[in-house]
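See structure below.
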Amino acid sequence: MGDLKIYNSLTRQKETFEPITPGYVGMYVCGPTVSGESHLGHARPYVTFDVVYRYLSHLGYKVRYVRNITDAGHFEEEGREAEDKISSKAVLEKLEPMELVQKYTNLFHWAMRQFNNIEPSIEPTATGHIVEQIEMIKKLLAEGYAYESNGSVYFDVKKYASKYDYGKLSGRKIEDLLETTRELEGQEEKRDAADFALWKAAPPQHIMRWQSPWGEGFPGWHIECSAMATKYLGKQFDIHGGGMDLQFPHHESEIAQSTICNHTAPVKYWMHNNMITINGRKMGKSYNNVIKLTELFSGNHPLLSQAFHPMVVRFFILQSQYRSTLDFSNEALQASEKGLKRLFDAYENMLKLKERVGELTDNAGDADLDAKVRRLVMELEGFINDDFNTAKVLANIFELVPIINGIKDKTVPFNALSVDTFNLLSAQLKLFLLDICGLQSVTEADNEKLKEVMNLLIEIRKEARSRKDFVTSDKIRNQLQSIGISLKDEKDGTMSWSI
RNA sequence: GGUCUCGUGGCCGAGUGGCUAGGCAGAGCUCUGCAAAAGCUCCUACAGCGGUUCGAAUCCGCUCGAGACCUCCA
């Protein structure tokens, strides 16, 4: 068994994964901001790190997977006007931020289930950790790396940079950062433009606010992740994941805060997934080109030619390497839809063959084919170990498809494979397809009554065909097709169907 | 403007020095009452120009093009 190699954004190279505490892995992934609906772009990190979680668990590590819910900040919802926040209205008329947060958290969880993502071990909320964040800010003040200004607290980047490498993660030079001037609100409160907020004093109309030693306010943009990661994973933990767009300033700032508070760099392996693009451009709020997950699953969006099943989207994501951009298009999703179906048809064929495994012996009837199957299967582990290259894993499995289908169609004799090889094949396909990649068949043909009705129709059709009554047999098949059920005549005279 | 990344066949997308990635689409064939599916075969690309090398999609340089980050952003 080879070693797992992970591309570490911090060192810009692939490194052999060695957990800080043998047998255990701490992993933190930046979760959603629940002020709105998740879109296709958000799906990528959650699917990517779900596979990371699944694989590390498979390797036998006890993984604590922490993914936060950002539910603190400046919250508004479209359609509910800003005036709602003003206190002259009755309580039930006003925008209640927690109501919003609850709504979008529920929707997020629903989407994660659609993707077959395993839920994290801990899913901490920012609002539930205000105390921890305040404590951390106090510590930063005590260490002399933060300062208060008009009820807000800022991190002193210049001071930090004089001793530590601010910009190491994102490849930035501190001089450039200090030169870059930005026209932002509250800039004059900062000693330096590069400083970032740890605590912000809340203006009167701000709806989310907490009492702090510096007055009423709310936490800054980066502190929640540092506080919660430290609390649940310790001062040093193994993996921190998130989108590439978070590398700077979010993750860079996390490193700075944690380093000062905990007197050690927080993360051993930084992992960043690349963006999903649309027409070559990043999908994002500011570009106005997002496709929400609810729209994607329903097909209800002007850019969509049809609805796409969540499993198709998962498969689409896993067909690329997570560090490459992935370009959305209807054609690309349709290709994934067909590919996924072909893959799972073959997988189900393999399961049927498994029932006949008793026919096999220790001898392979076709040594070359047997060797090819073994090679394709044995290579899978190396691919997943190479920085989670699910694209290569799936490509190899696709090469196994014609072999499995050939056996099923009897153009290849079953006993071409030895019993060992077949068992290896079936075990590894289940492991990689279902357990590690987390894929499932799209067909939901598990309704018992429907099955019985279909069996009845198949019986009638078989009778009609035996009488050469093709009018009746075609009618059954064509009408089923029109309601979305495909009936196929197999080579051995049986019929199969799929939705 | 600064920093960085990328440019692969009709589309998506692996791949970092030598061997057909893979998927989808397309063409032909086989099977079949027909259809669908499946199997077999074909389509063999690496932005351009130089350079390094026995050999480059892969390394170096330049040119062109696209994008990301520098601001909330997966």
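Quick note: the first sequence uses our numbering, first residue 3, plus one each step. By construction, the Cβ of each residue, glycine as well, lies at the ideal position given by its N, Cα and C atoms.
| query | Are the beta-carbon atoms of Ile405 and Val375 separated by less than 8 Å? | reply | Here Ile405 is near Val375, since their CB atoms are less than 8 Å apart.
| query | Does the Cβ of Thr266 lie closer than 7 Å to at least one heavy atom of the ligand COA? | reply | As far as ligands go, the structure on display features none, and thus does not contain the ligand COA.
| field | Cutoff 6 Å; reference Ala84; Cβ partners in own chain excluding five residues on either side | value | Because Ala84 carries a pLDDT of 44, less than 50, the predicted location of this residue cannot be relied on, and the following value inherits that uncertainty. So no residue of the chain qualifies.
| said: My output table needs one value for Asn10: the three-state DSSP class, helix, strand or coil. | reply: Here Asn10 carries a strand assignment [DSSP, helix/strand/coil].
| request: Give me the Cβ distance between Phe110 and Val36, rounded to the nearest whole Å; I'm assuming they're in contact under 8 Å. | output: Confirmed, about 6 Å.
| Close beta carbons around Ala393, own chain, < 6 Å, minus the five adjacent residues each side | The beta carbon of Ala393 is closer than 6 Å to those of Gln321, Ser322, Gln323 in its chain, skipping five residues each way along the sequence.
| message | Quick check on Arg193: buried or exposed, where buried means 16 or more other Cβ atoms within 10 Å of its Cβ? | response | So Arg193 counts as exposed.
| field | Separation of Lys493 from Glu333, as counted between CA atoms | value | The alpha-carbon atoms of Glu333 and Lys493 are separated by roughly 31 Å.
| query | Can you tell me the Cα-Cα spacing of Arg82 and Ile209, whole angstroms? | reply | Any reading at Arg82 must be qualified, since the residue scores a pLDDT of 49, below 50, and its modelled position is unreliable; the value itself is stated next. Roughly 13 Å between the two C-alpha positions.
| For Met114 and Pro304, the rounded distance between their alpha carbons | C-alpha separation (whole angstroms): 24 Å.
| query | Using the beta-carbon count (16 or more within 10 Å), is Gly222 buried or exposed? | reply | Classification of Gly222: buried, given that the 10 Å Cβ count is 16 or more.
| Contact set for Ile487: own chain, Cβ-Cβ below 8 Å, skip 5 residues either direction | Hits under 8 Å: Met456, Trp499, Ser500, Ile501.
| query | Hey, would you say Asn417 sits closer than 8 Å to Thr363, going by beta carbons? | reply | In this structure, Asn417 places its C-beta atom within 8 Å of the C-beta atom of Thr363.
| field | CB contact flag (Lys270, Gln249, <8 Å) | value | Taking 8 Å as the cut-off, the Cβ atoms of Lys270 and Gln249 do not count as close.
| field | Pro34 - DSSP class collapsed to helix/strand/coil | value | If DSSP states are grouped into helix, strand and coil, Pro34 belongs with coil.
| query | Between the C-alpha atoms of Glu359 and Leu433, what's the straight-line distance to the nearest angstrom? | reply | The displayed chain sequence assigns Val, not Glu, to residue 359. A direct Cα-to-Cα measurement between Val359 and Leu433 gives close to 19 Å.
| query | What's the gap between the Cα of Ala347 and the Cα of Trp112? | reply | Here residue 347 turns out to be Asp, not Ala, going by the sequence shown. Computed Cα separation, rounded: 27 Å.
| query | Roughly how far, in whole angstroms, is the beta-carbon of Glu226 from the beta-carbon of Gln135, given that I think they are within contact range, below 8 Å? | reply | At roughly 6 Å, the Cβ-Cβ gap stays under 8 Å, so Glu226 and Gln135 are in contact.
| Spatial distance of Asp5 from Pro122 (CA atoms) | Rounded to the nearest angstrom, the gap between the Cα atoms of Asp5 and Pro122 is 25 Å.
| How would you call Ser214, buried or exposed, if buried means at least 16 neighbouring beta carbons within 10 angstroms? | By the 10 Å Cβ count, Ser214 comes out buried.
| By Cβ distance, which residues of its chain are closer than 7 Å to Gly130, with the 5 residues on each side in sequence left out? | Its chain contains no residue whose beta carbon lies nearer than 7 Å to that of Gly130 once the 5 sequence neighbours on both sides are disregarded.
| message | Please tell me whether Asn275 and Pro47 are closer than 8 Å, where the distance is taken between their beta carbons. | response | The answer is yes: Cβ separation under 8 Å.
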